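Reading through the structure tokens given below for one structure.
2 protein chains.
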Amino acid sequence: MALSKFALCLWLCTSMFLLCTQIFSLELDPQTRALQEADRVISLPSQLPMQVLFRQYSGYVTVDKSNEKALFYWFFEATSKPAQKPLILWLNGGPGCSSVGSGAAQEIGPFLVKEGPTLKFNKYAWNKGMYLIVFTANLLFLDSPAGVGFSYSNKSLNVQGDNITALDSYAFLQNWFKRFPQYKSHEFYIAGESYAGHYVPQLADAIFDENKKSAKENYINLKGFIIGNPFLDYETDRRGMYDYAWGHGLISDALYQSIKAKCDFSSQILTQECWDQIFKYNSLYEMIDMFSLYTPTCALNAPSSSGKKLAARSNTVRVSGLFHMIPSAGHDPCTANYATEYFNRPDVQQALHANVTKVSRPYILCNSEVGNAWKNSTFSLLPTITKLINGGLRVWLFSGDTDGRLPVTSTRYTLNKLGLNIIEDWTPWYSHREVGGWTVTYEGLTFITVRGAGHQVPMFAPQQSLQIITHFLANKKLPSLAF
Amino acid sequence: MALSKFALCLWLCTSMFLLCTQIFSLELDPQTRALQEADRVISLPSQLPMQVLFRQYSGYVTVDKSNEKALFYWFFEATSKPAQKPLILWLNGGPGCSSVGSGAAQEIGPFLVKEGPTLKFNKYAWNKGMYLIVFTANLLFLDSPAGVGFSYSNKSLNVQGDNITALDSYAFLQNWFKRFPQYKSHEFYIAGESYAGHYVPQLADAIFDENKKSAKENYINLKGFIIGNPFLDYETDRRGMYDYAWGHGLISDALYQSIKAKCDFSSQILTQECWDQIFKYNSLYEMIDMFSLYTPTCALNAPSSSGKKLAARSNTVRVSGLFHMIPSAGHDPCTANYATEYFNRPDVQQALHANVTKVSRPYILCNSEVGNAWKNSTFSLLPTITKLINGGLRVWLFSGDTDGRLPVTSTRYTLNKLGLNIIEDWTPWYSHREVGGWTVTYEGLTFITVRGAGHQVPMFAPQQSLQIITHFLANKKLPSLAF
Numbered sequence: 007m008a009l010s011k012f013a014l015c016l017w018l019c020t021s022m023f024l025l026c027t028q029i030f031s032l033e034l035d036p037q038t039r040a041l042q043e044a045d046r047v048i049s050l051p052s053q054l055p056m057q058v059l060f061r062q063y064s065g066y067v068t069v070d071k072s073n074e075k076a077l078f079y080w081f082f083e084a085t086s087k088p089a090q091k092p093l094i095l096w097l098n099g100g101p102g103c104s105s106v107g108s109g110a111a112q113e114i115g116p117f118l119v120k121e122g123p124t125l126k127f128n129k130y131a132w133n134k135g136m137y138l139i140v141f142t143a144n145l146l147f148l149d150s151p152a153g154v155g156f157s158y159s160n161k162s163l164n165v166q167g168d169n170i171t172a173l174d175s176y177a178f179l180q181n182w183f184k185r186f187p188q189y190k191s192h193e194f195y196i197a198g199e200s201y202a203g204h205y206v207p208q209l210a211d212a213i214f215d216e217n218k219k220s221a222k223e224n225y226i227n228l229k230g231f232i233i234g235n236p237f238l239d240y241e242t243d244r245r246g247m248y249d250y251a252w253g254h255g256l257i258s259d260a261l262y263q264s265i266k267a268k269c270d271f272s273s274q275i276l277t278q279e280c281w282d283q284i285f286k287y288n289s290l291y292e293m294i295d296m297f298s299l300y301t302p303t304c305a306l307n308a309p310s311s312s313g314k315k316l317a318a319r320s321n322t323v324r325v326s327g328l329f330h331m332i333p334s335a336g337h338d339p340c341t342a343n344y345a346t347e348y349f350n351r352p353d354v355q356q357a358l359h360a361n362v363t364k365v366s367r368p369y370i371l372c373n374s375e376v377g378n379a380w381k382n383s384t385f386s387l388l389p390t391i392t393k394l395i396n397g398g399l400r401v402w403l404f405s406g407d408t409d410g411r412l413p414v415t416s417t418r419y420t421l422n423k424l425g426l427n428i429i430e431d432w433t434p435w436y437s438h439r440e441v442g443g444w445t446v447t448y449e450g451l452t453f454i455t456v457r458g459a460g461h462q463v464p465m466f467a468p469q470q471s472l473q474i475i476t477h478f479l480a481n482k483k484l485p486s487l488a489f
Numbered sequence: 007m008a009l010s011k012f013a014l015c016l017w018l019c020t021s022m023f024l025l026c027t028q029i030f031s032l033e034l035d036p037q038t039r040a041l042q043e044a045d046r047v048i049s050l051p052s053q054l055p056m057q058v059l060f061r062q063y064s065g066y067v068t069v070d071k072s073n074e075k076a077l078f079y080w081f082f083e084a085t086s087k088p089a090q091k092p093l094i095l096w097l098n099g100g101p102g103c104s105s106v107g108s109g110a111a112q113e114i115g116p117f118l119v120k121e122g123p124t125l126k127f128n129k130y131a132w133n134k135g136m137y138l139i140v141f142t143a144n145l146l147f148l149d150s151p152a153g154v155g156f157s158y159s160n161k162s163l164n165v166q167g168d169n170i171t172a173l174d175s176y177a178f179l180q181n182w183f184k185r186f187p188q189y190k191s192h193e194f195y196i197a198g199e200s201y202a203g204h205y206v207p208q209l210a211d212a213i214f215d216e217n218k219k220s221a222k223e224n225y226i227n228l229k230g231f232i233i234g235n236p237f238l239d240y241e242t243d244r245r246g247m248y249d250y251a252w253g254h255g256l257i258s259d260a261l262y263q264s265i266k267a268k269c270d271f272s273s274q275i276l277t278q279e280c281w282d283q284i285f286k287y288n289s290l291y292e293m294i295d296m297f298s299l300y301t302p303t304c305a306l307n308a309p310s311s312s313g314k315k316l317a318a319r320s321n322t323v324r325v326s327g328l329f330h331m332i333p334s335a336g337h338d339p340c341t342a343n344y345a346t347e348y349f350n351r352p353d354v355q356q357a358l359h360a361n362v363t364k365v366s367r368p369y370i371l372c373n374s375e376v377g378n379a380w381k382n383s384t385f386s387l388l389p390t391i392t393k394l395i396n397g398g399l400r401v402w403l404f405s406g407d408t409d410g411r412l413p414v415t416s417t418r419y420t421l422n423k424l425g426l427n428i429i430e431d432w433t434p435w436y437s438h439r440e441v442g443g444w445t446v447t448y449e450g451l452t453f454i455t456v457r458g459a460g461h462q463v464p465m466f467a468p469q470q471s472l473q474i475i476t477h478f479l480a481n482k483k484l485p486s487l488a489f
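Written out as structure tokens, the structure is:
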């Protein structure tokens, strides 16, 4: 009886506490409230008429006044009780790819673009729950660095590279938290994929260091990070890519042997005769989607045998007609085209408060100019990862195992090089009745493969990805039995 | 003008010749005609009401009177002008798998089983043409050896193995041609998959040798053979399987290293400590479909986490519900279950003139008793293949590259061991606008990979398979440009 009274009391107190948290979260000063409201996205063109039960914001945050540099973000509150939920920052790679057009609109955001272009609700958005697990999150997408997506600088961008990206992203976060102070105390996680294998640990490192030396008001409650098909180490990532290509029947024995003989991937500078072999390998990218080996390419992009672009006959070539040729699970390989078209629409830009300075260039999903002008790219992120694991951060990596660009083989080599002790080796994990992939638990790091998923894991395996992020946030092992 | 008259004359003569061929083909003696008519399949239970525009036959051919051994066949004439078309014999592997229930009903036959079980027409059946190419074929399926599918012996089968299978299949062919003499002069090809990597070259070898020494009336007009995901060489097939499994992220580094350290695959006898590692590897088969890495398993077979068979709740678990989880292109992983059910139906057996002796055992798609009792299995088929290539036969191999059982890696090792000169190395081939896979032309052998296809290539990539067989029959290279 005493216990029951105690339980009731505890429940009342908890409820009161949660209520207070929500009330306090609304208690923003008028200026902050006005700034937030200015960024509030009320509705989106081609948005389905269903009611949106969460708030969303987007706009610019200045990170460097002298260079008139401003980074663009899109923020979605969790679908339920955002005040109690962690905050995830998602970063796409490239370098040069827009997190808004890629991660938000094609992978994990609540609205996904489709043919039209129009929008559909994402059943597996990361700001939603799953299996009644309450570990939904508030989701922040950042176009980073300047020159990517809607982010810009009115000065020259000839200093782009890993360092400036981390510094600018850190500055963005500090200023964004000033605009959204109600999220400052939330658990904070960074997630991303591909070249964000650099961005994510580098930003985490910047936060980690600044947290120690900065004033309390600049403290960011960083708890960990998670990266899919990450680019972490030039040596192992390159070596693994060619091994994977041979093992998956993509290149000849001759080319493979020649790459192995002529390339020393442990060197920071590759020889010309190595590059000559790599150039031969690169022709693969012109034929199949190396980011997802077994799905069709987009007919709107592919040159025909006569060398003419198929786009010219897009009215007669139905993309859906390709779906029966190779396994695809309904994946539309032209989504990137729809996203590009959607975010170039003036009404979409207006709704998102994007491109307010009316830059002359169109919105580009992956800006190769940014990538080509990259000044510094860290050879290996392994020392940074080791430092951050030792610093107590939660670190998870995952790998869609049908990606040829940053394949599972590469990440396995990378993990071996990292040299952590294995706590539990290579165990299947289940997504309902099917093996979702395999997982290895290291001391301080969890690695997960996603069976049959390409480079952009949430695009190819949305349900499995939501399962992974909810388990990451809950710091729980994925289920090792069918359910 | 003279040329035009000559052309007209040539056309008339050719037409007359073709007409004569057809007329003569109908001129069978009454006894043969009666035997054929006895085997004629008039209709099939659950056959769609569409008109079937080709003739089909099935029944038994005695191969060994002393052992009361009879092999069961199912034969489909080509959909157009069968008298002018080649004859293909298709063999499934195992050892122990029924060509009738597998190859005919799930892969390349004109009727495929589906849920119900019922039948559907196969758009890509190998007795049909494609792209207006006239190289359709007459299709013969054989349950081989006795004990497999509907084939039987009323005596003990304790001498089963490669040798007896080849001899019995040869005897079958001789007797089958006596029943269908109108096909005796046709170009004859053997096709198959998996363990038929043994059956096909061994039968070809038997025919090749017998053709030289036998009387003219026993001559079989063998022109070549084609095998998918073939089991050809114990050393390379085994080695390639584990390499493939590691490279595809299926096994731990530790298990892989342990297999490499403890197994000498060049030896005909593996050590116990090698087998111990292989047993660990084999547990993979309990979790995913190793014959098609990225498709779902059949929920009707899979044990649930609680150890109970899901079959018990098959009414609530719709197999189709799995399709959204991983790429599948509409492939139903329970087809083997439907085929087993279909061929056990008394009305189906009656329609096919099968199980006339009413054996006590049910029809089994893959009879493990046959495989387990196998007495001899040739270590390497490479000498046989070399001999047959030198003998002028057309030899093609193909490999679905998402098969984990006899993977593309294994066949690449095998081909290297075969040591033929390369005429054209690793070229993409196209299935319409998509890369269907890659192909290598050796002196005397063509190798083709099929992108994204599992072990039973025609099941997973039916259109590509029909494309391959039509090009094989026409002895033409697959297209190297999109069309």
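Each protein sequence line maps, in turn, to chains A and B. With the working numbering, you'll find the first sequence wraps up at 489, consecutive numbering, no jumps. With the working numbering, you'll find the second sequence wraps up at 489, consecutive numbering, no jumps. Think of the CB as a built atom: it goes at the ideal place given N, C-alpha and C, for glycine as much as any other residue. Quick caveat, the model's predicted, so the values are computed rather than measured.
inquiry  = When you compare the CB of A:V446 with every CB in chain B, is at least one pair closer than 9 Å?
reply    = yes
ask   = Can you find at least 3 beta carbon pairs, one from the stretch 163-173 of chain A and one from the stretch 107-118 of chain A, that sit closer than 8 Å?
value = no
message = Let me check understanding here. Comparing Cα to Cα, which of A:Y419, A:I265 and A:G153 lies closest to A:A379?
response = A:G153
key: Whole runs of the alpha helix (DSSP H) within the stretch 199-256 of chain A, excluding any shorter than 4 residues   = 202-219 and 240-253
key: Reference A:P464, options A:N98, A:W281, A:S289 and A:S486, closest by Cα   = A:N98
Contact the stretch 365-378 of chain B vs the stretch 206-221 of chain B: 3+ CB pairs below 8 Å = no
Contacts around B:F466, its chain only, beta-carbon distance under 7 Å, and the 5 residues preceding and following it disregarded = S298, H337, G406, A459 and G460
Proximity of A:I428 and A:Y448 at Cβ, strictly below 9 Å = yes
query = Would you say the stretch 398-412 of chain A touches the stretch 429-440 of chain A, given that touching needs at least three Cβ pairs under 8 Å?
reply = no
ask   = Hey, would you say B:R77 sits closer than 9 Å to B:D168, going by beta carbons?
value = At residue 77 of chain B the sequence reads Leu, which differs from the Arg that was named. No, these two residues do not count as a Cβ contact at 9 Å.
task = Pick out the complete alpha helix (DSSP H) segments inside the stretch 119-205 of chain A, 4 residues or longer, and give them in chain order.
result = 168-185
key: Beta-carbon separation (whole angstroms), A:L424 vs A:L394, contact threshold 8 Å   = About 12 Å; that fails the 8 Å criterion.
key: Reference B:T262; option with closest CA among B:G246, B:P88 and B:P352   = The question names Thr, but residue 262 of chain B in the sequence shown is Tyr. Cα-wise, what sits closest to B:Y262 is B:G246.
key: Start-to-end residues for the alpha helix (DSSP H) that takes in B:K423   = V414 to L424
ask   = Where B:L164 and B:F385 are concerned, what is the direct C-alpha to C-alpha distance, given to the nearest angstrom?
value = It should be noted that the sequence gives Asn, not Leu, for residue 164 of chain B. Those two C-alpha atoms are separated by around 20 Å.
The stretch 337-359 of chain A: positions lying closer than 8 Å to chain B by Cβ = H337
request  = Go ahead and label A:I391 buried or exposed: buried means 16 or more other beta carbons lie within 10 angstroms of its beta carbon, across all protein chains shown.
outcome  = buried
key: Alpha-carbon spacing of A:I257 relative to A:Y287, whole angstroms   = 7 Å
ask   = Considering only the beta carbon of each residue, do A:G100 and A:S191 sit closer than 9 Å?
value = no
request  = Kindly indicate the opening and closing residues of the alpha helix (DSSP H) around B:Y262.
outcome  = D259 to K268
ask   = Are any of the Cβ atoms in chain B nearer than 9 Å to that of A:V463?
value = no
query = Which of helix, strand or coil does DSSP assign to B:S471?
reply = helix
message = Quick check on A:R400 - is its C-beta less than 9 Å from some C-beta in chain B?
response = no
request  = For A:T415, I'd like the list of residues in its chain whose CB is within less than 8 Å of its CB, leaving aside the five on either flank, ordered along the chain.
outcome  = G246, M247, D249, Y250 and G253
Through-space distance from B:L306 to A:A212, alpha-carbon basis = 52 Å
task = Please work out which residues of its chain come closer than 6 Å, Cβ to Cβ, to B:L41, disregarding the five sequence neighbours upstream and downstream, and give them in chain order.
result = R185
Extent of the continuous alpha helix (DSSP H) to which B:Q278 belongs = Q278 to N288
query = Checking contacts by CB at 9 Å: is A:M247 closer than that to chain B?
reply = no
query = Using a beta-carbon distance cut-off of less than 8 Å, what residues from the stretch 393-421 of chain A approach chain B?
reply = S405, D407, T408, V414, T415 and R418
key: Residue-level contact to chain B via CB, A:V206, 9 Å cutoff   = no
message = Do B:R400 and B:K161 count as a contact pair if the criterion is CB distance below 9 Å?
response = no
message = To the nearest angstrom, how far is the alpha carbon of A:I94 from that of A:G397?
response = 19 Å
ask   = How is A:C26 classed by DSSP in three states: helix, strand or coil?
value = No answer about A:C26 holds up, because its pLDDT of 44 lies below 50 and its placement is not dependable.
ask   = What residues match up with A:L95 in a beta bridge as DSSP calls it?
value = A:L146 and A:I196
message = Whole angstroms are fine: how far does the CA of A:Y225 sit from the CA of A:T303?
response = 45 Å
key: Residue interval of the alpha helix (DSSP H) (run including B:F466)   = V463 to F466
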